[in-house]
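Q:
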Amino acid sequence: MSKKNNLTLFFILLLFIYGLPYKPSPEVQLLSSGTKTSLRGLSVVNDNVVWVSGSNGMVGRSSNAGKTWNWMTVKGFETIEFRDIEAFDANTAIIMGIGEPAHILKTTDAGNTWKVVYENQTKGMFLDAMDFSTPLHGLVVGDPLNHSIFLAETLDGGNTWKQKQFTGLHAMADSGEAFFAASGSNLRLFENNEFFLVSGGTKSRLITKTGSSPLPIVQGKSSTGTNSIDIFDDGIPNKPGKRMVIVGGDFAADSLTHNNCFYSNNRGKSWQKPKIPPHGYRSCVEYLSRTELLSCGPNGVDYSENGGKTWQWISSEGFHVCRIARSGSAIFLAGSGGKIAKLVWR
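If you count the sequence shown from 1, you need to add 44 to reach my numbering.
As structure tokens, then:
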């Protein structure tokens, strides 16, 4: 072949390579670590305001997209684990202390002071997760008491809470069935008062206000089951979307991938198994867009760009929880050792 032909092929190859659109890849960027707390509560208000909560009564707040953090220990609760947090702006947040006794506290002055807005001293009380459908309407779930699933509700922005009447066979839990306080994401609440709750342990179910159905995720032991659910908002007012994803596995064997993730395109009527699942036990999952998903666990972070059909292991850094901003596009993660990270595209 002549030099002229070689040169022509070279330029054709360059045109082919550089003519293709560039597709950035997601990466996990570590922002903070070293604080003596295990973070499982994470609330991303917008692209700048982020709150976290964890063990040893600690709460963290950033108002500059995670560049700097203000850490505080809630006075009188220095030994409490705050497994979930819901924040509404830079000044207002609600934290959930698991038990016993169980507490819910609220701040309206950026964490300078906290008010106890709920206390339950019932023996065996253990709160697992909170969710808010609006700044006024919230729901908290606790482990079953006498086999009855515990729910408490607020209609005034968390200022007061009242146990919610939840009856029927689907409101009764089997022996060994409970809820994981792993990331505050096993409960999702909607504006029409509809909620979706996933259980784990010896039995794993999808539970709503009207019924329940079995889940195909691995189960049968206290360390197994569903840890997290997310539902993509189709934009239809007062109606949950059809796309759902669940993750979990066995936290006692966090590298196992057997039946640790399923997705549904018909609001949980049927479930499909990924061709390539997340790479181990996962405690949290979050829709980033209609087709993009993020999931995390102790052995790393996985990303899906096709609605959960296949997953890519993008980081071996372990995290307990991941969240996208309620208003905005920023995505944060939090985990043990005060570790906080942000998802970026390179």
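Where a beta carbon is used, it is the ideal one built from N, C-alpha and C, also for glycine.
When you compare the CB positions of W95 and V103, do they come within less than 8 Å of one another, or not?
A: Yes, the Cβ-Cβ distance between W95 and V103 is below 8 Å.
Q: Between the C-alpha atoms of G341 and I124, what's the straight-line distance to the nearest angstrom?
A: Using only the alpha carbons, I get a separation of about 22 Å.
Q: Taking 8 Å as the threshold (C-beta atoms), are P145 and E163 in contact?
A: Annotated as proximal: E163 and P145, with beta-carbon spacing under 8 Å.
Q: Alpha carbon to alpha carbon, how far is E392 from G101?
A: In the structure as shown, the chain begins at 45 and stops at 390. Residue 392 is therefore absent and cannot be evaluated.
Q: Would you call the segment 240 to 251 in contact with the segment 263 to 273, where contact means no fewer than 3 C-beta pairs closer than 8 Å?
A: Verdict: yes, contact present.
Q: Considering only DSSP beta bridges, list what G104 is partnered with.
A: V96 and W115
Q: Can you give me the Cβ contacts of F234 inside the same chain, cut-off strictly under 6 Å, excluding the 5 residues immediately before and after it?
A: S177 and P284
Q: Cβ atoms of P322 and T301: under 8 Å apart, would you say?
A: Taking a C-beta distance under 8 Å as the contact criterion, T301 and P322 qualify as a contact pair.
Q: Hey, V289 and R326: beta-carbon distance below 8 Å or not?
A: no
Q: DSSP has A378 in a bridge; who is on the other side?
A: BP columns for A378 point to V365 and I384.
Q: Secondary structure at F176, three-state DSSP: helix, strand or coil?
A: strand
Q: Candidates G228, F132, G255 and K313: which alpha carbon is nearest E238's?
A: G255
Q: For G264, which residues from the same chain have a beta carbon less than 7 Å from its beta carbon, with the 5 sequence-adjacent residues on both sides left out?
A: Excluding residues within five positions, the ones whose Cβ falls inside 7 Å are T246.
Q: Are the Cβ atoms of G155 and L180 separated by less than 8 Å?
A: Not in contact: G155 and L180 (Cβ atoms no closer than 8 Å).
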